[in-house]
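Trainee:
In this note's numbering, the protein residues as written are 942 to 1202.
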């Protein structure tokens, strides 16, 4: 048996999230089904992030243990032939037996994208959240700065069956950029995230941009730890897991690049 690290990309539109569910189509479930058939053995996939229904990924990380004779570097090629076109294994590499993509990660980068244009772009509409009207971007940036650092993010997540041991998380960067006309992106890099946390952050900053709340209300929500003091949960379609970091140097490099942009 050997353990393999997989780098994955997927369009989450057709899936009920990452995590396996017996009666629903999920990314983890589809990967396990296809790889079990391909490798002629029962395959269990472990992921770094349990993305929600409809959330996308360019840089999800996962691992599996296998005794297949297929060379590791060939696994993406043969697996992608059998996988649906909205899931791709981008790369594979051998790792140590004790490797776990969730617990060995030092950080993750999520990106939320709002589309402000009057006419939808048919080629990107699945990957953005539609917003009508202009936004006060300077006010959003002011509010975003309050989120950087180590805080109790109780106000910025929704309850789930899996109760976290702690709601304290550390964010290394929360920044806004406009990569093209009519687009606004929120990049969030942190050591870990709570359920729906980035979507609630995006929804809260959106309310600031729409002048429905003051920038200072974000800091207040951090202090009160009450969900009612934060904003709405933004739609899943605008969220993408960009990268999972396993090296501190790589995390620092990405944060530095985002701060320059």
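Don't be surprised by glycine CBs; every beta carbon is placed ideally from N, CA and C.
All values reported here derive from a predicted model rather than from experimental measurement.
1. Give me the DSSP bridge partner(s) of residue 1118.
2. Find the nearest neighbour of residue 1115 within the set 1108, 1121, 1101 and 1142, judged by alpha-carbon distance.
3. When we look at the beta-carbon of residue 1018 and count the other beta-carbons within 10 Å, is it buried (16 or more) or exposed?
4. With 16 other CB atoms within 10 Å as the buried threshold, where does residue 971 fall?
5. Taking buried to mean at least 16 other C-beta atoms within 10 Å of its own C-beta, is residue 1049 buried or exposed?
6. Which whole-angstrom value is the C-beta distance of residue 1159 and residue 1173, which I expect to be below 8 Å?
7. At which residues does the beta strand (DSSP E) containing residue 1049 begin and terminate?
8. Ignoring anything shorter than 3 residues, give me the beta strand (DSSP E) runs that lie fully in the region 1010–1051, in order along the chain.
9. I'd like the list of long-range same chain contacts for residue 1175, defined as Cβ closer than 7 Å, with 5 residues on each side in sequence excluded.
10. Taking residue 1165 as part of the beta strand (DSSP E), name the residues at either end of that continuous run.
11. Return the CA-CA distance between residue 1151 and residue 1117, expressed in angstroms with no decimal places.
12. Buried or exposed: which applies to residue 1101, given that a residue is buried once 16 or more other Cβ atoms fall within 10 Å of its Cβ?
13. Could you tell me whether the Cβ atoms of residue 1111 and residue 1137 are closer together than 7 Å?
14. Check this for me: beta carbons of residue 1096 and residue 1166, under 7 Å apart or not?
15. Quick check on DSSP: helix, strand or coil for residue 970?
16. The beta strand (DSSP E) with residue 1002 in it runs from where to where?
17. State the DSSP-derived secondary structure class of residue 1111, mapped to helix, strand or coil.
18. Apart from the five residues just before and just after residue 1088, which ones in its own chain have a Cβ nearer than 7 Å to its Cβ?
19. Measuring only the C-alpha atoms, how far is residue 958 from residue 1124?
20. Taking all protein chains shown into account, do 16 or more other C-beta atoms lie within 10 angstroms of the C-beta of residue 1024, making it buried, or fewer, making it exposed?
21. On the DSSP bridge assignment, give the partners of residue 950 in chain order.
22. Using only the alpha-carbon positions, how far apart do residue 1031 and residue 1186 sit?
Mentor: In brief:
1. Per DSSP, 1126.
2. 1142
3. exposed
4. buried
5. When all chains shown are included, residue 1049 counts as buried.
6. Rounded, the Cβ-Cβ distance is 13 Å, inconsistent with contact.
7. 1048–1056
8. 1028–1036
9. 1053, 1070, 1140, 1143, 1144 and 1147
10. Where residue 1165 is concerned, there is no enclosing beta strand (DSSP E), although the alpha helix (DSSP H) it sits in stretches over 1157–1165.
11. 15 Å
12. exposed
13. no
14. yes
15. helix
16. 997–1007
17. The three-state reading of DSSP puts residue 1111 in strand, counting E and B together.
18. 1112, 1115, 1142 and 1159
19. Put simply, the backbone Cα of residue 958 is about 25 Å away from that of residue 1124.
20. buried
21. 1029
22. 16 Å
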